[in-house]
Ligand code: 8OZ
């Protein structure tokens with residue numbers, strides 16, 4: 017993907033197999049409105065309202081019950097869940113949009129209440145994440161500490177890789193998604209394997225950078241084998257402290273990861289710059305994003321380069337001028353279903369209401385106003 021400084025947010029772009037009408041992407045946004053892990057009919061309305069984005073990335077969606085870490089987040093491992101998603105993709109496509117599903121395994125960021133047989137969540141090592149998860153109790157979100165995980169045995173890892181592969185195939189063949197995004201960010205399972213603070217393993221999946229990256233790369237190879245690299249993206253967050261993620265030396269780690277990903281013909285690489293949903297610079301964790309992108313391109317990576325975190329129109333245009341191919345907006349899409357049109361016309365943005373981010377009804381979900389047509 018080549019870029020030049022005169023590319024606009026509103027120009028089309030090819031990302032692998034995905035032909036996108038513009039470069040404005042809706043970032044994945046957890047909304048906790050899927051009781052029993054089934055996306056409700058109103059989710060179809062919510063996503064279809066936002067279908068003018070060049071690409072919609074679904075909220076994080078669990079690939080298995082073991083991969084669940086929050087109340088009322090959707091899954092992709094049961095018939096009703098797939099049917100619920102099929103409603104979403106049908107309405108998005110009818111509205112002219114494209115949508116991929118974000119494949120999620122939370123690893124240790126979970127609670128025994130959500131796990132099969134109320135067992136311990138799983139992780140690379142039995143180290144509790146210093147973070148909280150959301151349980152919905154009597155309709156109200158409640159933040160609770162995550163449970164102490166157990167370390168996965170090496171012989172369990174092929175099963176986890178297989179769950180990603182099955183979820184990816186079902187996503188495309190049954191639920192009608194245009195592709196998938198592997199959630200490799202924000203301190204969840206694959207990121208827990210990558211990082212030195214959560215991965216203390218002494219087998220082939222711990223220790224060296226090559227070993228810590230092994231599971232993420234096995235998962236990505238399995239997914240691309242199932243649905244094709246051109247329908248596969250991946251999200252990474254090199255220095256986010258989200259969910260107690262920390263690595264002592266992130267630059268060589270993530271440079272290695274993207275060099276390896278370069279061989280898989282992915283549709284896109286999605287990078288969260290800085291702290292997820294927070295500062296674009298993280299104190300004590302400098303990171304050279306241009307070097308990361310250069311490592312990917314030098315290794316032959318041709319996927320679209322997507323950047324995210326705290327962007328407005330000015331920063332997004334600057335990102336394109338600096339060689340990004342796609343820009344992802346999160347919170348602005350909560351309050352502005354017609355964000356693309358608002359950016360195009362420099363219209364003011366609705367403010368999103370934080371109290372309705374997680375859980376609840378259509379209020380704060382499908383009832384944000386669009387611009388009045390003249
Ligand atoms: C906010 C609340 C719960 C989950 C992420 C999937 O950070 C999430 C998430 C965000 O990637």
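In my numbering, the protein residues as written are 17 to 390.
Idealized CB from N, CA, C, for every residue including glycine.
- In this structure, the CA atom of residue 66 is about 26 Å from the CA atom of residue 94.
- Counting C-beta pairs with one atom in each stretch, the segment 225-233 and the segment 198-211 have three or more that are closer than 8 Å, which means they touch.
- Classified as exposed, residue 134 has fewer than 16 neighbouring CB atoms from the shown chains inside 10 Å of its CB.
- According to the DSSP assignment, residue 350 belongs to no beta strand (DSSP E) but to the alpha helix (DSSP H) extending over 347-351.
- Taking C-beta separations shorter than 6 Å and ignoring five residues to either side along the sequence, the partners of residue 97 in its chain run 53, 54, 91, following chain order.
- Within the segment 118-175, the beta strand (DSSP E) runs of at least 3 residues that lie entirely inside it are, in chain order, 148-153, 156-161.
- Those residues having their beta-carbon less than 5 Å away from any non-hydrogen atom of ligand 1 are, in chain order, 46, 76, 202.
- Your pair residue 118 and residue 44 checks out as a contact, with CB atoms roughly 5 Å apart and the cut at 8 Å.
- A straight line joining the alpha-carbon of residue 72 with that of residue 46 spans about 13 Å.
- Counted as a single uninterrupted DSSP element, the beta strand (DSSP E) harbouring residue 30 occupies residues 29-31.
- When the Cα atoms are used, residue 109 and residue 37 turn out to be separated by approximately 13 Å.
- Per DSSP, reduced to three states, the secondary structure at residue 372 is helical.
- In summary, residue 150 is buried, with 16 or more beta-carbon neighbours lying within 10 Å of its beta-carbon over all protein chains present.
- Straight through space, the alpha carbons of residue 298 and residue 380 are spaced by roughly 30 Å.
- Pairing residue 154 with residue 368, the inter-Cα distance amounts to about 24 Å.
- The segment 314-324 and the segment 350-357 do not touch, with fewer than 3 CB-CB distances between them shorter than 8 Å.
- If you draw a straight line from the Cα of residue 24 to the Cα of residue 383, it comes to about 29 Å.
- Under the three-state reduction of DSSP output, residue 249 falls in the strand class.
- DSSP places residue 241 inside the alpha helix (DSSP H), whose first and last residues are 230-243.
- One thing to note: residue 251 has its Cβ within 8 Å of the Cβ of residue 200.
- For residue 225, DSSP records no beta bridge to any residue.
- Secondary-structure assignment with DSSP links residue 320 through a beta bridge to 284.
- Bridge pairing for residue 72: 42, 115 [DSSP].
- By the neighbour-count criterion, in which 16 or more other beta carbons inside 10 Å mark a residue as buried, residue 289 falls on the buried side.
- Short of 6 Å from the beta carbon of residue 144, and not among the five residues preceding or following it, lie these beta carbons of its own chain, in chain order: 164.
- Residue 195 places its beta carbon less than 8 Å from that of residue 249.
- Contact annotation: residue 102 and residue 191 have beta-carbon atoms nearer than 8 Å.
- Within the same chain, Cβ atoms closer than 6 Å to the Cβ of residue 40 are found at 25, 69, 70, 356, the five residues on either side in sequence being excluded.
- Just so you know, the alpha carbons of residue 131 and residue 293 end up roughly 27 Å apart.
- For residue 58, the secondary structure class from DSSP, reduced to helix, strand or coil, is helix.
- Across the set 374, 377, 361, 376, the C-alpha of 361 shows the shortest separation from the C-alpha of residue 388.
- Here DSSP, grouped into helix, strand and coil, assigns residue 182 to helix.
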